């Protein structure tokens with residue numbers, strides 16, 4: 001029987017050595033973990049925390065992690081803490097770090113996957129998507145997910161990827177920063193790949209709380225940065241979107257009760273809808289998106305469903321259907337979902353759904369990665385089980 005399982009620990013200790021002692025002291029005896037994930041609030045002394053944890057782990061245990069905008073486990077959604085996940089069982093893992101994300105994102109992605117594959121002693125083109133899956137964490141504030149994904153997938157477009165952006169509680173964009181942990185290294189402006197090889201059941205999954213409306217729109221004109229929609233359906237973008245929703249333009253911005261957060265757009269791929277929501281209308285009548293846009297792209301207009309109910313159903317029904325005997329789940333939860341839940345007073349109901357997840361460790365991220373796509377307003381998950 002092949003299986004992957006996980007233990008988790010959480011601490012609010014602020015001093016790095018005390019935090020490391022607390023975290024590792026909570027782990028039960030048994031199998032030596034092969035990989036430890038470390039999701040730590042941004043205000044922590046990251047390098048000191050990394051060293052303290054690394055010194056207390058067995059020599060052969062690998063370590064990855066990131067700064068967060070909130071930490072997740074089965075007890076809920078936390079702030080100011082550190083959540084550790086210790087994975088053991090029937091898998092091998094290779095790690096790769098690519099730096100200089102803001103200068104050459106494609107190159108950084110290519111370097112990260114190359115190093116992870118070399119760590120496992122396999123060529124990138126030989127990564128069988130039935131046995132290998134890539135966990136990707138990037139510096140979310142560089143806004144380079146689509147470019148880095150091109151680099152990661154350049155030599156093997158069938159590889160499944162899941163993850164999200166390292167983040168920060170800081171709301172001021174001029175002060176936001178993110179850090180990644182890869183073994184003993186702590187880096188910014190970077191992307192990491194943890195490449196798993198396993199014969200145990202696994203799946204990359206995603207959950208959002210939206211339903212299709214059947215109404216579509218077309219991005220007909222974009223700016224040179226490919227992040228602003230200038231026209232939708234041949235009309236000024238913000239004006240057209242406001243008409244579709246029946247609200248004034250100044251009510252569109254993500255987070256407002258009748259705008260983009262309630263009625264985002266999605267890219268339909270097969271039977272799946274990948275949320276690629278607009279972010280905010282700009283004074284020139286355009287709309288800023290979080291992802292890159294291409295003229296002629298048709299998007300589906302979505303509508304808000306039962307936030308907590310759909311997330312609970314995902315954990316109780318979809319995940320166990322996809323992963324037999326689920327025993328570990330790494331969670332990458334969109335900060336936009338948290339933002340909206342906070343504004344509507346539904347954080348407690350959303351956090352309660354995590355009780356229904358397999359053993360879980362995760363973080364609130366700055367945008368998400370799923371199946372090679374940069375998406376948002378979504379929970380992405382890498383789950384393992386036993387056969």
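In UniProt numbering, the protein residues as written are 1 to 387.
We put the CB at the ideal spot given by N, CA and C, even for glycine.
Keep in mind that this is a model prediction, so the values were computed, not measured.
Which residues in the same chain have their Cβ closer than 7 Å to the Cβ of residue i, if we skip the five residues on either side of it in sequence?
i, result
"residue 76", "351, 354"
"residue 189", "99, 100, 101, 102, 139, 142"
"residue 230", "221, 222, 223, 237, 286"
"residue 112", "96, 97, 98, 152, 191, 192, 193"
"residue 173", "none"
"residue 248", "242"
"residue 377", "208, 264, 275, 277, 334, 336, 337"
Give the straight-line distance between the Cα atoms of residue i and residue j, rounded to the nearest whole angstrom.
i, j, result
"residue 88", "residue 1", "14 Å"
"residue 7", "residue 312", "21 Å"
"residue 29", "residue 266", "45 Å"
"residue 4", "residue 17", "29 Å"
"residue 300", "residue 122", "39 Å"
"residue 216", "residue 297", "10 Å"
"residue 281", "residue 238", "6 Å"
"residue 62", "residue 49", "15 Å"
"residue 367", "residue 293", "16 Å"
"residue 271", "residue 210", "14 Å"
"residue 70", "residue 82", "9 Å"
"residue 219", "residue 23", "48 Å"
"residue 309", "residue 118", "42 Å"
"residue 259", "residue 126", "45 Å"
"residue 14", "residue 44", "7 Å"
"residue 342", "residue 183", "34 Å"
"residue 315", "residue 357", "5 Å"
"residue 327", "residue 133", "17 Å"
"residue 179", "residue 19", "18 Å"
"residue 78", "residue 84", "13 Å"
Taking the alpha carbon of residue i as the reference point, which residue from the options has its own alpha carbon closest?
i, options, result
"residue 21", "51, 4, 94", "51"
"residue 287", "254, 310, 262", "254"
"residue 336", "357, 375, 96, 349", "375"
"residue 198", "327, 32, 58, 92", "92"
"residue 104", "130, 149, 94, 129", "149"
"residue 371", "246, 283, 203, 318", "203"
"residue 171", "42, 94, 181, 129", "42"
"residue 321", "34, 205, 124, 279", "205"
"residue 331", "279, 166, 179", "166"
"residue 340", "256, 67, 36", "256"
"residue 225", "250, 295, 159, 273", "295"
Applying the criterion that 16 or more other CB atoms from any shown protein chain within 10 Å of the CB defines a buried residue, is residue i buried or exposed?
i, result
"residue 228", "buried"
"residue 145", "buried"
"residue 346", "exposed"
"residue 348", "exposed"
"residue 329", "buried"
"residue 175", "exposed"
"residue 359", "buried"
Quick one: residues in its chain with C-beta nearer than 6 Å to the C-beta of residue i, no 5 flanking neighbours on either side, listed in chain order?
i, result
"residue 201", "323, 324, 385, 387"
"residue 136", "161, 163, 193, 369"
"residue 466", "Limits of the chain in this structure are 1 at one end and 387 at the other, which puts residue 466 out of reach."
"residue 213", "301, 303"
"residue 60", "none"
"residue 245", "263"
"residue 86", "7, 27, 33, 36"
Taking Cβ positions only, does residue i come closer than 8 Å to chain B?
i, result
"residue 42", "The displayed structure is made up of one protein chain only, and chain B is not part of it."
Whose C-beta lies closer than 8 Å to the C-beta of residue i among residues of the same chain, with five residues either side of it excluded?
i, result
"residue 391", "Past the boundaries of the shown model lies residue 391; the chain is included only from 1 to 387, so the question cannot be answered."
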